[in-house]
Amino acid sequence: MTETTKTTIGTDSSAGPITRFLRATEIDTRLLGMFGALLLIWVGFHVYGEVFKGGGSFLTPRNLWNLSVQTASIGIMATGMVLVIITRNIDLSVGAILGVTGMIMGLFQVEWMPQYVGLGSPLIWIFAVLLGITMGALIGAFHGWLIAYRGIPSFIVTLGGLLIWRGAAFLSANGRTISPVDATFQLLGGGPYGSVGAVGSWIVGILACVAILFMLWSGRQSRKRHDFPLRPMWAEIFMAALACGLVIGSVLLVNAYPWPKGILKQQNLPEDAFVSHGFAIPVLIMLAVAILMTILMTKTRFGRYVFAIGGNPEAAALAGINVKWMTLKIFSLMGALAGLSAVVASARLNSATNALGLLDELYVIAAAVIGGTSLAGGVGTIYGAILGAFVMQSLQTGMVLIGFDSALQQIVVGTVLVLAVYLDNIYRAKTK
Amino acid sequence: MHKHTGTPLVELRDISISFGGIKAVDHVSVDLYPGEVVGLLGHNGAGKSTLIKCLSGAYQKDAGEIMINGQKVEITNPRDARHHNIETIYQTLALADNLNAASNLFLGRELVTAGGFVDEARMEAETRKIMGRLNPNFRKFNVPVSALSGGQRQSVAIARAVYFNAKILIMDEPTAALGPHETQMVAELIGELKKQGLGIFLIEHDIHAVMDLCDRAVVMKNGQRVGCVNVGDVTDDDILGMIIMGKKPPQAY
Chain A
1 MTETTKTTIG TDSSAGPITR FLRATEIDTR LLGMFGALLL IWVGFHVYGE VFKGGGSFLT
61 PRNLWNLSVQ TASIGIMATG MVLVIITRNI DLSVGAILGV TGMIMGLFQV EWMPQYVGLG
121 SPLIWIFAVL LGITMGALIG AFHGWLIAYR GIPSFIVTLG GLLIWRGAAF LSANGRTISP
181 VDATFQLLGG GPYGSVGAVG SWIVGILACV AILFMLWSGR QSRKRHDFPL RPMWAEIFMA
241 ALACGLVIGS VLLVNAYPWP KGILKQQNLP EDAFVSHGFA IPVLIMLAVA ILMTILMTKT
301 RFGRYVFAIG GNPEAAALAG INVKWMTLKI FSLMGALAGL SAVVASARLN SATNALGLLD
361 ELYVIAAAVI GGTSLAGGVG TIYGAILGAF VMQSLQTGMV LIGFDSALQQ IVVGTVLVLA
421 VYLDNIYRAK TK
Chain B
1 MHKHTGTPLV ELRDISISFG GIKAVDHVSV DLYPGEVVGL LGHNGAGKST LIKCLSGAYQ
61 KDAGEIMING QKVEITNPRD ARHHNIETIY QTLALADNLN AASNLFLGRE LVTAGGFVDE
121 ARMEAETRKI MGRLNPNFRK FNVPVSALSG GQRQSVAIAR AVYFNAKILI MDEPTAALGP
181 HETQMVAELI GELKKQGLGI FLIEHDIHAV MDLCDRAVVM KNGQRVGCVN VGDVTDDDIL
241 GMIIMGKKPP QAY
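Written out as structure tokens, the structure reads:
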């Protein structure tokens with residue numbers, strides 16, 4: 001025990017208390033800044049509503065729950081866009097891929113499959129989801145092949161893809177809207193039935209807390225094993241409390257949003273019954289994607305190579321990394337995620353339309369960039385992209401709530417995007 | 001003095017490579033023995049880097065043969081070269097600036113845990129060990145290598161070659177970006193590696209460095225081999241004459 005205490009992080013007394021605190025806990029100050037910005041947006045909209053509209057409606061369980069559901073589709077794609085942008089590429093086609101895979105899934109489950117397996121068969125939603133993801137992956141792989149092996153710039157390939165797949169989405173059903181989707185499939189889009197309820201949310205929350213504690217513990221063990229400097233014990237406890245607090249706070253929040261009266265009546269429940277929504281399924285899908293993508297980026301060779309290619313493509317190639325094959329795989333992954341987003345988006349609308357995902361590429365890129373992914377390549381995080389998606393969606397939702405018209409919304413979103421990247425530049429220059 | 005007997009560590013025989021009709025390397029042969037430093041000299045564009053990239057797997061030769069320990073081998077990519085214990089330290093330092101020292105050292109050859117995940121802690125521990133040997137003052141393990149000085153970056157690049165037990169080391173102007181003290185450090189390291197029996201190809205512009213560090217020097221001009229000299233037998237003017245005028249002194253072969 002005595003050797004392990006010889007070096008602890010953040011004990012040098014020359015720094016101020018805040019610096020020492022940040023060093024000891026190893027909190028990423030950028031992350032802190034993004035959380036701060038998000039909170040500022042939330043409180044700002046709430047207060048604005050309070051003052052000018054006679055009642056704030058932003059910081060309510062209902063609105064925050066809806067916000068989380070609306071963020072899911074963009075958030076899922078933003079995690080993939082991080083990889084694309086880190087490797088110095090861009091994908092402008094994600095919205096169109098979402099559109100065409102959504103349409104094909106819609107046709108598949110409404111017009112093709114039921115005649116073979118019967119309406120409502122569980123095979124329908126399972127194969128629809130697999131079809132959507134596979135199709136997205138194949139389209140992405142094709143884009144990646146053109147980019148990596150045929151040397152066409154990603155901007156051009158995916159700009160072409162944007163037009164082509166949007167057109168294909170229209171042609172696939174001659175512009176019809178396909179509705180309603182399979183009943184089970186629809187649950188993947190959220191809504192009162194597409195949520196896991198109070199008990200389910202507690203289970204998710206407790207599992208998350210156990211995972212957080214385990215990660216902190218195993219991280220500390222590994223540092224001990226290799227004689228690396230340890231965080232002070234109070235910092236470990238603080239981090240555990242903060243992370244678990246956030247998890248439990250969000251469980252309490254989603255459980256505080258009850259089913260509306262109409263749904264209670266449908267279920268023959270008394271009108272004053274309190275049935276919690278709990279976490280919506282699309283939000284859980286987004287969280288699962290975010291966790292898997294974080295593991296992919298930080299714990300696997302694949303992720304390491306993504307960063308290496310972004311940092312210095314030549315060095316990566318000289319180190320024996322197959323840069324072309326990696327590029328193809330990255331675009332394929334991006335396509336698969338767009339397919340998954342199509343599941344969430346079409347399930348939420350309970351229909352597939354050829355306009356599904358229109359302009360999503362811009363929001364996805366904006367989310368990744370606001371989340372700190374550098375267009376110069378080599379830098380970016382998954383959690384940043386998810387937070388960026390929340391920032392984008394919060395702005396939109398907030399402006400709708402306080403009654404800004406759509407022209408003004410566009411101006412604000414555009415301004416925020418440019419400003420966020422500018423602030424990020426200043427931050428990076430200072431911390432260098 | 002350098003009458004070598006036995007099999008050379010590396011033999012490049014009659015290597016040719018051209019780009020768009022221009023012969024960058026034209027039927028050049030070079031050999032390298034264990035414990036020897038062979039300098040490759042010539043003007044910019046003389047073809048020395050191109051020649052050596054055929055050995056490191058960055059380029060593919062059009063014609064000729066590569067022999068390692070007397071065995072004919074095919075090297076079509078950097079991974080092949082590594083299989084033959086050939087490590088390269090590039091002029092451009094081939095480091096990913098956004099990654100830390102450990103990630104760069106193990107790039108393409110990451111240590112993984114039983115579960116298949118990258119073993120960050122073990123890689124850092126190994127990096128600390130090897131850097132402790134090569135450059136004991138090195139402390140910056142947890143920052144991207146873009147935050148390192150030229151010498152520190154160079155020591156990461158060298159550590160990569162040393163860690164993976166290179167038998168054949170290719171150094172492309174290893175001291176070009178370094179200050180005098182760091183250059184000295186690299187020179188000592190080359191001597192150290194030589195003693196351990198490595199064969200080193202050194203591409204160098206600085207004639208004094210060549211006279212100090214190399215056993216033999218091969219001079220190239222316009223993609224062709226001018227000649228090879230034992231550094232101990234000639235003056236630096238002789239070598240300069242070979243580089244500038246392509247004039248072969250009597251000692252050359």
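Protein sequence lines correspond, in order, to chains A and B. Per the working numbering, the first sequence starts with residue 1, numbered consecutively. Per the working numbering, the second sequence starts with residue 1, numbered consecutively. We put the beta carbon where it would ideally sit given N, CA and C, even for glycine.
Residue burial classification, residue i (beta-carbon count within 10 angstroms, cutoff 16)
{"i": "His-143 (chain A)", "result": "buried"}
{"i": "Ser-394 (chain A)", "result": "buried"}
{"i": "Ile-89 (chain B)", "result": "buried"}
{"i": "Leu-213 (chain B)", "result": "buried"}
{"i": "Met-233 (chain A)", "result": "exposed"}
{"i": "Glu-110 (chain B)", "result": "buried"}
{"i": "Thr-50 (chain B)", "result": "buried"}
{"i": "Lys-6 (chain A)", "result": "Note on Lys-6 (chain A): pLDDT 41, under 50, position unreliable in the model; no value is reported."}
{"i": "Tyr-33 (chain B)", "result": "buried"}
{"i": "Pro-229 (chain A)", "result": "exposed"}
{"i": "Met-215 (chain A)", "result": "exposed"}
{"i": "Gly-311 (chain A)", "result": "buried"}
{"i": "Glu-173 (chain B)", "result": "buried"}
{"i": "Met-1 (chain B)", "result": "Here the model assigns Met-1 (chain B) a pLDDT of 43, short of 50, so the residue's position is not dependable, and the following value carries that caveat. With fewer than 16 Cβ atoms within 10 Å of its Cβ, Met-1 (chain B) is classed as exposed."}
{"i": "Val-37 (chain B)", "result": "buried"}
{"i": "His-208 (chain B)", "result": "exposed"}
Residue span of the alpha helix (DSSP H) that contains residue i, given as start and end
{"i": "Thr-71 (chain A)", "result": "61-86"}
{"i": "Gln-109 (chain A)", "result": "Note, Gln-109 (chain A): premise wrong, no alpha helix (DSSP H); not H, not E."}
{"i": "Val-251 (chain A)", "result": "233-255"}
{"i": "Glu-87 (chain B)", "result": "Run containing Glu-87 (chain B): none in the alpha helix (DSSP H); it sits in the beta strand (DSSP E), 86-89."}
{"i": "Val-156 (chain B)", "result": "150-163"}
{"i": "Ile-18 (chain A)", "result": "17-25"}
{"i": "Phe-201 (chain B)", "result": "Counting along the chain, Phe-201 (chain B) falls outside any alpha helix (DSSP H), though it belongs to the beta strand (DSSP E) covering 199-203."}
{"i": "Ile-263 (chain A)", "result": "261-266"}
{"i": "Asp-80 (chain B)", "result": "78-83"}
{"i": "Asp-119 (chain B)", "result": "No alpha helix (DSSP H) holds Asp-119 (chain B); DSSP gives it neither H nor E."}
{"i": "Leu-296 (chain A)", "result": "281-299"}
{"i": "Ile-152 (chain A)", "result": "Counting along the chain, Ile-152 (chain A) falls outside any alpha helix (DSSP H), and DSSP gives it neither H nor E."}
Per-residue contacts from residue i into chain A (C-beta, under 7 Å)
{"i": "Tyr-90 (chain B)", "result": "Leu-318"}
{"i": "Ala-125 (chain B)", "result": "His-226"}
{"i": "Phe-117 (chain B)", "result": "Lys-299 and Thr-300"}
Beta-carbon spacing of residue i, residue j below 8 Å
{"i": "Gly-278 (chain A)", "j": "Val-247 (chain A)", "result": "no"}
{"i": "Met-171 (chain B)", "j": "Phe-201 (chain B)", "result": "yes"}
{"i": "Leu-189 (chain B)", "j": "Leu-169 (chain B)", "result": "no"}
{"i": "Ile-17 (chain B)", "j": "Tyr-59 (chain B)", "result": "yes"}
{"i": "Ile-156 (chain A)", "j": "Ala-368 (chain A)", "result": "no"}
{"i": "Met-81 (chain A)", "j": "Ala-385 (chain A)", "result": "yes"}
{"i": "Met-334 (chain A)", "j": "Leu-22 (chain A)", "result": "no"}
{"i": "Thr-158 (chain A)", "j": "Ser-93 (chain A)", "result": "yes"}
{"i": "Val-117 (chain A)", "j": "Ile-124 (chain A)", "result": "yes"}
{"i": "Gly-223 (chain B)", "j": "Val-25 (chain B)", "result": "yes"}
{"i": "Ile-152 (chain A)", "j": "Met-286 (chain A)", "result": "no"}
{"i": "Ser-56 (chain B)", "j": "Pro-78 (chain B)", "result": "yes"}
{"i": "Pro-249 (chain B)", "j": "Val-229 (chain B)", "result": "yes"}
{"i": "Gly-175 (chain A)", "j": "Asn-354 (chain A)", "result": "yes"}
Residue i: first and last residue of the uninterrupted beta strand (DSSP E) it sits in
{"i": "Lys-72 (chain B)", "result": "71-73"}
{"i": "Ser-18 (chain B)", "result": "10-19"}
{"i": "Ala-183 (chain A)", "result": "That residue, Ala-183 (chain A), is in no beta strand (DSSP E); its alpha helix (DSSP H) goes 183-187."}
{"i": "Val-37 (chain B)", "result": "37-41"}
Beta bridge counterpart(s) of residue i as assigned by DSSP
{"i": "Val-229 (chain B)", "result": "B:Ala-217"}
{"i": "Glu-65 (chain B)", "result": "B:Arg-13"}
{"i": "Lys-23 (chain B)", "result": "B:Ser-18"}
{"i": "Pro-258 (chain A)", "result": "A:Ser-276"}
{"i": "Pro-144 (chain B)", "result": "B:Asn-100"}
{"i": "Leu-32 (chain B)", "result": "B:Val-10"}
Where residue i meets chain B, residues with beta-carbon distance less than 8 Å
{"i": "Arg-225 (chain A)", "result": "Ala-121"}
{"i": "Val-421 (chain A)", "result": "Those within 8 Å of Val-421 (chain A) in chain B number zero; the least Cβ separation is about 18 Å."}
{"i": "Gly-371 (chain A)", "result": "Those do not exist, as Gly-371 (chain A) stays about 16 Å from chain B at its closest Cβ, beyond 8 Å."}
Contact set between residue i and chain A, taken where Cβ atoms lie within less than 8 Å
{"i": "Glu-110 (chain B)", "result": "Arg-301 and Arg-304"}
{"i": "Ala-94 (chain B)", "result": "Asn-312, Glu-314, Ala-315, Leu-318 and Ala-319"}
Residues that residue i contacts on chain B, provided the C-beta gap is smaller than 7 Å
{"i": "Ala-308 (chain A)", "result": "Ala-96, Leu-99 and Leu-107"}
{"i": "Ser-222 (chain A)", "result": "Ala-121"}
{"i": "Val-379 (chain A)", "result": "Asn-98"}
Interface partners of residue i on chain A, CB under 9 Å
{"i": "Ser-103 (chain B)", "result": "Arg-304, Phe-307 and Ala-308"}
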